[in-house]
Amino acid sequence: MKNVFVYGTLRKGNHAHRILNEDFSSPDLEGKLGKTLNASYKMIAHRFPIVYEVNTKGSHILGELYSVTDSVVGSLDRYEGYPHFYGKELVEIELEDGSLEQAYMYIMSPENVADQRLDYSCVSIKPDENNCINYIPN
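Dropping the structure here:
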């Protein structure tokens, strides 16, 4: 099993969430809420949320941590267009209880960010307030 951290269309309640359990390995699949430990990211609001790393002050990314099989990771790679559209990095995630976990997070490569629209940051770790649509401009 591998940990993945999702922040957009793969979050619970969104259309692609089903991919996280496509092999039915986790019948009661429940993500753990958390945020990236490092605040070195920006999020773009587009047709879907896009995260990329910045050298200047960025933001924490809020999302959900899941433990999935290698088969599901392969499906996620295809869905995210890895490695050509999105890259994948091992990042530290701080969970709501303060514990730390390592997880893979899909991060857009800098060359694919250039034509995107607006910078936004998530403002809440609560799923009802942060479900791919409630972001505030920086």
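Heads up: the sequence shown at position 119 corresponds to 113 in the numbering used here, and the numbers run straight through without jumps. For every residue, glycine included, the Cβ atom is placed at its ideal position computed from N, Cα and C. It should be emphasised that the depicted structure is a prediction, and the values quoted were computed from it without experimental measurement.
Within the segment 11 to 91, complete beta strand (DSSP E) segments of at least 3 residues are found at 26 to 30, 35 to 39, 44 to 47, 56 to 62 and 80 to 89, given in chain order. Counting other Cβ atoms within 10 Å of its Cβ, Pro43 reaches 16 or more and is therefore classed as buried.
When DSSP states are grouped into helix, strand and coil, Asn106 belongs to the helix group. Taking C-beta separations shorter than 6 Å and ignoring five residues to either side along the sequence, the partners of Gly81 in its chain run Ile101 and Ser103, following chain order. Glu83 sits away from Tyr73, with the two beta carbons spaced by 8 Å or more. The straight-line gap separating the alpha-carbon atoms of Tyr46 and Arg12 is approximately 24 Å. The closest CA to that of Thr3, considering only Gly28, Leu31, Ser34 and His40, is found on His40. The C-beta distance from Lys29 to Leu56 rounds to 5 Å, short enough to meet the 8 Å contact threshold. When DSSP reads this structure, Lys(-4) sits in a beta bridge with Val62. With contacts defined by Cβ atoms closer than 8 Å, Ser61 and Met37 do not form a contacting pair.
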